[in-house]
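Residue numbers (the numbering used here): 263 to 348.
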């Protein structure tokens, strides 16, 4: 996937997120993109950088980071499953 202006999808993500109020976890998200590209998108090879993003997300209140919204949704789904009678 290419950025419309030219460059890679990673550059598009990283420049898109460079908004007036910079996302506090942008650096970690960009590191994940670099790692995935370098490792043929094998997520297992990038667990350390993914964990760094999770740590970053844990430092900020819910809703502060657009990047962290996926982890927040994942956590909500886990809580919903725990509360659902089987």
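Note that the Cβ used here is the ideal one computed from N, Cα and C, for glycine as well. Predicted model only: the values in this text are computed from it and were never measured.
For chain C, is any of its Cβ atoms less than 8 Å away from the one on residue i?
i	result
residue 311	The structure shown contains no chain C; it is built from a single protein chain.
Assign residue i to buried or exposed, taking buried as 16 or more other Cβ atoms, counted over all protein chains shown, within 10 Å of its Cβ.
i	result
residue 315	buried
residue 345	exposed
Can you grab the Cα-Cα spacing for the pair residue i / residue j, in whole Å?
i	j	result
residue 333	residue 302	23 Å
residue 297	residue 343	31 Å
residue 305	residue 341	24 Å
residue 323	residue 300	31 Å
residue 320	residue 311	14 Å
residue 308	residue 295	9 Å
Given 8 Å, three or more beta-carbon pairs between the stretch 323-332 and the stretch 287-299: yes
In chain order, which continuous runs of the alpha helix (DSSP H) of length 4 or greater are located wholly inside the stretch 286-310? 288-300
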